[in-house]
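Engineer:
Protein chains: 2
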Amino acid sequence: MAKRKPIPTNESRIPTMADVARIAGVSTSTVSRALAGLPPIPEETRQRIAQAAKEAGYAVNRHARSLRLKRSKVILVLIPNLANPNFPDLLIHIDRAAYDCGYDIMIAHTAIDPGRSDRYVDELLAGSIDGVLLTASYCPPRLLECIAAGRHLPIVRTLSPTPDLTGITAVQIDEVKAAYDVVDHLAKQGYKRIAHLGGPPKEIMAIARRKGWEKALADHGLSASPDLYIQSGFTMIEGQRAADEIRSRSELPDAIFCSNDESAYGLIAALKGHGLRIPQDIAVAGFDDLSFSAVMDPPLTTVRLPRRDMAERSIQKLKALIEDDADNDNTILAHELIIRASSLRS
Amino acid sequence: MAKRKPIPTNESRIPTMADVARIAGVSTSTVSRALAGLPPIPEETRQRIAQAAKEAGYAVNRHARSLRLKRSKVILVLIPNLANPNFPDLLIHIDRAAYDCGYDIMIAHTAIDPGRSDRYVDELLAGSIDGVLLTASYCPPRLLECIAAGRHLPIVRTLSPTPDLTGITAVQIDEVKAAYDVVDHLAKQGYKRIAHLGGPPKEIMAIARRKGWEKALADHGLSASPDLYIQSGFTMIEGQRAADEIRSRSELPDAIFCSNDESAYGLIAALKGHGLRIPQDIAVAGFDDLSFSAVMDPPLTTVRLPRRDMAERSIQKLKALIEDDADNDNTILAHELIIRASSLRS
DNA sequence: TAGGTTTACGCAATCGATTGCGTAAAGATG
DNA sequence: CATCTTTACGCAATCGATTGCGTAAACCTA
Numbered sequence: 001m002a003k004r005k006p007i008p009t010n011e012s013r014i015p016t017m018a019d020v021a022r023i024a025g026v027s028t029s030t031v032s033r034a035l036a037g038l039p040p041i042p043e044e045t046r047q048r049i050a051q052a053a054k055e056a057g058y059a060v061n062r063h064a065r066s067l068r069l070k071r072s073k074v075i076l077v078l079i080p081n082l083a084n085p086n087f088p089d090l091l092i093h094i095d096r097a098a099y100d101c102g103y104d105i106m107i108a109h110t111a112i113d114p115g116r117s118d119r120y121v122d123e124l125l126a127g128s129i130d131g132v133l134l135t136a137s138y139c140p141p142r143l144l145e146c147i148a149a150g151r152h153l154p155i156v157r158t159l160s161p162t163p164d165l166t167g168i169t170a171v172q173i174d175e176v177k178a179a180y181d182v183v184d185h186l187a188k189q190g191y192k193r194i195a196h197l198g199g200p201p202k203e204i205m206a207i208a209r210r211k212g213w214e215k216a217l218a219d220h221g222l223s224a225s226p227d228l229y230i231q232s233g234f235t236m237i238e239g240q241r242a243a244d245e246i247r248s249r250s251e252l253p254d255a256i257f258c259s260n261d262e263s264a265y266g267l268i269a270a271l272k273g274h275g276l277r278i279p280q281d282i283a284v285a286g287f288d289d290l291s292f293s294a295v296m297d298p299p300l301t302t303v304r305l306p307r308r309d310m311a312e313r314s315i316q317k318l319k320a321l322i323e324d325d326a327d328n329d330n331t332i333l334a335h336e337l338i339i340r341a342s343s344l345r346s
Numbered sequence: 001m002a003k004r005k006p007i008p009t010n011e012s013r014i015p016t017m018a019d020v021a022r023i024a025g026v027s028t029s030t031v032s033r034a035l036a037g038l039p040p041i042p043e044e045t046r047q048r049i050a051q052a053a054k055e056a057g058y059a060v061n062r063h064a065r066s067l068r069l070k071r072s073k074v075i076l077v078l079i080p081n082l083a084n085p086n087f088p089d090l091l092i093h094i095d096r097a098a099y100d101c102g103y104d105i106m107i108a109h110t111a112i113d114p115g116r117s118d119r120y121v122d123e124l125l126a127g128s129i130d131g132v133l134l135t136a137s138y139c140p141p142r143l144l145e146c147i148a149a150g151r152h153l154p155i156v157r158t159l160s161p162t163p164d165l166t167g168i169t170a171v172q173i174d175e176v177k178a179a180y181d182v183v184d185h186l187a188k189q190g191y192k193r194i195a196h197l198g199g200p201p202k203e204i205m206a207i208a209r210r211k212g213w214e215k216a217l218a219d220h221g222l223s224a225s226p227d228l229y230i231q232s233g234f235t236m237i238e239g240q241r242a243a244d245e246i247r248s249r250s251e252l253p254d255a256i257f258c259s260n261d262e263s264a265y266g267l268i269a270a271l272k273g274h275g276l277r278i279p280q281d282i283a284v285a286g287f288d289d290l291s292f293s294a295v296m297d298p299p300l301t302t303v304r305l306p307r308r309d310m311a312e313r314s315i316q317k318l319k320a321l322i323e324d325d326a327d328n329d330n331t332i333l334a335h336e337l338i339i340r341a342s343s344l345r346s
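These protein sequences, in sequence, are chains A and U.
With UniProt numbering as the guide, the letters of the first sequence map in order to residues 1 to 346.
With UniProt numbering as the guide, the letters of the second sequence map in order to residues 1 to 346.
(1) I need the boundaries of the alpha helix (DSSP H) containing G273/A, first residue and last residue.
(2) The stretch 82 to 104 of chain A: which residues have C-beta closer than 8 Å to a C-beta of chain U, in chain order?
(3) Would you please verify whether the beta carbon of S128/U is less than 9 Å from any beta carbon of chain A?
(4) Could you have a look at G212/U and say whether DSSP puts it in helix, strand or coil?
(5) Taking Cβ positions only, does Y58/A come closer than 9 Å to chain U?
(6) To the nearest angstrom, report how far apart I129/A and I75/A are at their CA atoms.
(7) Confirm, please, whether the CB-CB distance from F292/U to V182/U is below 9 Å.
(8) Using a Cβ-Cβ cutoff of 7 Å, what residues of the stretch 245 to 266 of chain A are near chain U? List them in chain order.
(9) Please list, in chain order, the residues of the stretch 198 to 222 of chain A that have any C-beta partner in chain U closer than 8 Å.
(10) Listing by chain order, which chain A residues have their CB less than 7 Å from the CB of A295/U?
(11) According to DSSP, H196/A sits in a beta bridge with which residue or residues?
(12) Buried or exposed, going by whether 16 or more other CB atoms sit within 10 Å of the CB of L305/A?
(13) Alpha carbon to alpha carbon, how far is A34/A from D104/A?
(14) For H152/U, count neighbouring Cβ atoms within 10 angstroms of its own Cβ and tell me buried if that reaches 16, exposed if not.
(15) Roughly how many angstroms separate the alpha carbons of G190/A and V171/U, rounded to a whole number?
(16) Drop a sphere of 10 angstroms on the beta-carbon of I112/U, count the other beta-carbons inside from all chains shown, and report buried for 16 or more, exposed for fewer.
(17) Is there at least one Cβ from chain A nearer than 9 Å to A21/U's Cβ?
(18) Spell out a yes or no on whether the stretch 76 to 88 of chain U and the stretch 277 to 285 of chain U are touching, meaning 3 or more CB-CB pairs, one atom from each, closer than 8 Å.
(19) Tell me which residue opens and which closes the alpha helix (DSSP H) that H63/A is part of.
(20) What in chain A is Cβ-close to K272/U, meaning under 9 Å?
(21) Roughly how many whole angstroms lie between the Cα atoms of I168/U and I94/U?
(22) By alpha-carbon positions, which one of A108/A, T158/A and R277/A ends up nearest to D309/A?
(23) Which of the three DSSP states, helix, strand or coil, is assigned to G286/A?
(24) Since A243/U contacts A224/U with CB under 8 Å, what's their CB separation in whole angstroms?
(25) Taking 9 Å as the CB-CB cut-off, is H335/A touching chain U?
(26) Between L35/A and chain U, is there a C-beta pair that is closer than 9 Å?
(27) Could you list which residues in chain A have their beta carbon closer than 8 Å to that of I112/U, in chain order?
(28) Using only alpha-carbon positions, find the residue among T331/A, D324/A and D288/A that is nearest to D89/A.
(29) What does DSSP give as the partner residues of T135/U in its beta bridges?
(30) For H185/A, which of helix, strand or coil comes out of DSSP?
(31) Beta-carbon of F287/U versus every beta-carbon of chain A: anything under 9 Å?
(32) By the criterion of Cβ-Cβ separation under 8 Å, what are the contact partners of L125/A in chain U?
(33) Apply the 10 Å Cβ neighbour rule to R209/A and answer buried if 16 or more other Cβ atoms are within range, or exposed otherwise.
(34) Using a C-beta to C-beta distance shorter than 9 Å, which residues of chain A count as neighbours of A243/U?
(35) When burial is assigned at 16 or more other CB atoms within 10 Å of the CB, is L321/U buried or exposed?
(36) Is it the case that the Cβ atoms of V176/U and R142/U are separated by a distance below 9 Å?
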């Protein structure tokens, strides 16, 4: 129990392994091995060390460990827009899945300042974080450089479709098919003038959903005439604005497929404000199945994303990439069409 | 430019300061000082080092730095329930404010496993993270022990009212007063039977809002009779359930103050489903002012939380606590009553 | 009991950035 | 020109945990 090295005894020092070692009368090597449960430590010693650790109020220093192991057990999640419930809803599952794998998550919101994400790519390159989960199609320029340079990094993308860049593993649904299913459903209900509220024109997700709409219309012998396409965005405000534009058109559509639930919320609110009934006057469908969609008036027909699966598979892939470089092909998960009153012929 | 130390040249090593130093022909001390912009480095050398850093693709290793400085520039945000938009909406501003101060944020969702938060208190105690922001009234047991032991830790609580424990700085609104304002508004509209949809009975936030309701009723000479209190929760589902219970009561209330917007959403959806009109048959008000509340049908009267202020002040306080131990008294911020159609006498 | 094996542990290097202290070289002053 | 500053940098210790290697001591076997 004699002191080996002079350990300073300031009142409020953070306890280190050396403190535990001193209390237990062993070396730090032994403490480390005992706490990690490694082989040649007899039960009796292990107990004593555990007791000493508790007594000292010891907890490992994450940075010392990460520095030594060159692995931090931290992954970064880049989120484009937390205001869209889609992201927190996914984040719940990401958080859970990561926790179950022993990873902590750092988040960075890229809505205001997309350039911010470049800094985190540097963190990845510097070995400060183990992996990055992109929950949107936006890809930091610095990352593109690395991919172009043929570097192989632990990065997974999810929730949005793959743009035509390879080199980043993706976990996603078939967005075109999902949009197709919604429009197909509307067409089968007998709607003829099926409009589409398009998302941001350059957003890959929006492009895919539009493509699904066009495809389904074509397959049903309906036309995707320009007056049936309304340029909008992914927010409620833009959905509201779109309602005004629709009313200004010569002929109203009889159904509208919105590129996401949020714009559908805004659209429906505005249409109702103008005295139109949903679905009697105009049927509406969305995309995402946010939790509110089930209880709104009327309940909204939409596409349910397999958020939990997406999160779990993404984390699983990321873990694989971090730990052994394998498992880097894309995954397509099944979506589900949720049919509710907003799209049903009365 | 001669090599000083044998630096291994594996193809894909992560560049370190030593690499930069070698390229620039200086020592790591100089690199460190140059990159940090510290005094005695002439511009010419600084340039050369910056160039070398870029050439090497260098970025500092967060863990090495944190270990040395005993400061990580990471704060942890504990979030009870990401499914309630209140939290992501606050998180947006927390993320932003933290970023502006040079902090990164880690998040931990405590909905499923509250015991999880204890681990993060250990991280704080071990010096692995710099501070903790609690966005709910739940307080990890381990933390209570520390406070009881008189330890002074960088922790700030926000978004929920303070329970009767001192020792943790809080940034919040006057929940009782805010609830009072809502009910006061309803009473001034002429409503007489003003019911309250209470949140989880042991939740401090729910208790405060109930208290505000009772106080306002008393001040208006109205009674808070037991049949006007409906036990519910903070979710849409529970709001829906509450609607059924209300209809089973002998006499309907003419106004209902819900303990949050989400339960109001569920309640309104269910009441409308039963053919009741809002506000003609029953007025409804909520609490939180989630973004959806402005566009729903009818738009919901509610209390707007100063989320941005809360986030900024919280981070500011946390920063102060981390950096110099000062600024540890509570802050009460102003709320705002948002009056919309759901509570207006027609 | 000599020689061999196993068990239980310690020593010291290592991870990468930071920084107090020291010191040549350049410049300033008398 | 001798002495004193100032400038510009390098050396080496440090932060705390991990781990390869080494080694006493205990245990076994012939």
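The beta-carbon is built from N, C-alpha and C at its ideal position, and this holds for glycine as well.
Structural biologist: So, to answer that:
(1) D261 to G273
(2) L82, A83, P85, F87, P88, D89, L91, I92, D95, R96, Y99 and D104
(3) yes
(4) If DSSP states are grouped into helix, strand and coil, G212/U belongs with the helices.
(5) yes
(6) 6 Å
(7) Going by C-beta atoms, V182/U is not nearer than 9 Å to F292/U.
(8) Y265 and G266
(9) none
(10) The sequence given here places Val at residue 295/U; Ala does not occur at that position. Ordered by position in chain A, the residues that pass the 7 Å Cβ test against V295/U are M236, Q240, Y265, G266 and A269.
(11) According to DSSP, H196/A bridges with Y229/A and F257/A.
(12) buried
(13) If I take the Cα positions, the gap works out to 24 Å.
(14) By the neighbour-count criterion, in which 16 or more other beta carbons inside 10 Å mark a residue as buried, H152/U falls on the exposed side.
(15) 55 Å
(16) With fewer than 16 other Cβ atoms within 10 Å, it is exposed.
(17) no
(18) no
(19) R62 to L69
(20) Within chain A, the residues near K272/U are D297.
(21) 18 Å
(22) T158/A
(23) In the structure shown, G286/A sits in coil (DSSP, three-state: anything other than H, G, I, E or B).
(24) Actually they do not touch by this definition, with Cβ atoms about 20 Å apart.
(25) no
(26) No - not a single Cβ of chain U is within 9 Å of the one on L35/A.
(27) R96
(28) D288/A
(29) DSSP output for T135/U lists no bridge partner at all.
(30) helix
(31) With respect to chain A, the C-beta atom of F287/U has no partner C-beta closer than 9 Å.
(32) I14, G57 and A59
(33) buried
(34) Those within 9 Å of A243/U in chain A number zero; the least Cβ separation is about 11 Å.
(35) That one is buried.
(36) no
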